[in-house]
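This report refers to the structure that appears directly beneath it.
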Ligand code: COI
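In full-length UniProt numbering, the protein residues as written are 1 to 356.
Right under this line is the structure:
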């Protein structure tokens, strides 16, 4: 394996750290960041760790105008033995490159990116929070920086990694969230960018999210963009249902994000021999299963959200309460197992953990 030359320029002053027992999601940032440039002809060059600071970009930088950008989200955890573990970083970097391909951004070297993560986390190790339920959220992203207003792929990019000590993503913590099914706006369509992790997908989701929040719902459940019928994903999570003993999740179809937590949950469920099917699932099927009393559980999965039990759906003017609004058994077992592996408290038989 190459040992990549990543230049390190340490900050002269350390920021005050927030209290780790009352962390909010994504509000505090560590002392350093990673940055690397791409220029046509040279490729990716000058990987470096520098003090966390604002970016200096030309107002005509293409990212501001045409949104050619991609991002990732992953986490690092502190174990009881004071080791720092990352969860499936190679899978995130592989997905970043898939998003790059879709957005015409040059591929990054995945091994270099994982080494950059290790070095950056080592430099800011004191920022990995030590309180149960917290972690260091890592946000790698790539932006197009060429100063040019023509619609074309940029010839310059920056790959940046920032990090933030975080608590729970939802204010509900690990308690069930309420979700409104969206049937006016759509998130993604076949052939679009739905399975790429690009800012535009999130920008276009905000309107529906705002409407849902006004009526007391945390998130939106998106249906397919063609027939407005099949379940796709929730705002920041993939979705799973337990229907009459079987776990059902929408199959990947190009417009659904290929979640790392989704993949891990599927592997765990298979490992436990619980019946599982990845297939198209319509909102009518969910409604009917609920009416028959067979919708036993629903939960979302995501890096930020981990496993988020769903206590209620709002659909077609009706409130569908699931499992009396309480966390179901499978959701709880998945949460405990996944976070146990992530924190080094449960053996990792899957090869998911990478030590820093
Ligand atoms: C994640 O779960 O890491 C995400 O990227 C979702 C969201 C915070 C945008």
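Using N, Cα and C, we set each Cβ at its ideal position, and we do this for glycine too. Being a predicted model, the structure only gives us computed values, none of them experimental.
Determine the closest residue to residue 201 out of 212, 237 and 214, with distance taken between C-alpha atoms.
-> Of all alpha-carbon atoms in 212, 237 and 214, the one lying nearest the alpha-carbon of residue 201 is that of 237.
Does the Cβ-Cβ distance between residue 29 and residue 52 come in under 8 Å?
-> In contact: residue 29 and residue 52 (Cβ atoms closer than 8 Å).
contact_flag[the segment 103 to 113, the segment 226 to 240] where n(CB pairs < 8 Å) is 3 or more | no
Residue environment, residue 178, which counts as buried when at least 16 other CB atoms sit within 10 Å = buried
Whether residue 64 touches residue 139 by CB criterion (8 Å) | Cβ atoms of residue 64 and residue 139: not closer than 8 Å.
Classify residue 313 as helix, strand or coil using the three-state DSSP reduction.
-> In the three-state reduction of the DSSP assignment, residue 313 falls in the strand class, which pools E and B.
Start and end residues, alpha helix (DSSP H) containing residue 301 | Taken as a continuous stretch (DSSP letters only), residue 301 belongs to no alpha helix (DSSP H), being part of the beta strand (DSSP E) at 295 to 302.
Straight-line Cα distance separating residue 67 from residue 204 | 12 Å
From 304, 84 and 313, residue whose alpha carbon lies closest to that of residue 355 | Out of 304, 84 and 313, the CA that lies nearest to the CA of residue 355 is found in 84.
Using a Cβ-Cβ cut-off of 7 Å (strictly less than) and excluding sequence neighbours within five positions of residue 343, which residues of its own chain qualify?
-> 77 and 79
Does the beta-carbon distance from residue 34 to residue 142 come in below 8 Å?
-> no
Straight-line CA distance for residue 316 to residue 129?
-> 42 Å
Going by the beta-carbon positions, is the gap between residue 148 and residue 304 smaller than 8 Å?
-> no
Is residue 344 helix, strand or coil when you go by DSSP?
-> In this structure, residue 344 counts as coil in the three-state DSSP scheme.
Option in 180, 133, 258 and 69 with minimal Cα separation from residue 24 = 133
Through-space distance from residue 75 to residue 163, alpha-carbon basis | 9 Å
Around the C-beta of residue 135, are 16 or more other C-beta atoms found within 10 angstroms, so that it is buried, or is it exposed?
-> Taking a 10 Å sphere around the C-beta of residue 135, we find 16 or more other C-beta atoms and assign the residue as buried.
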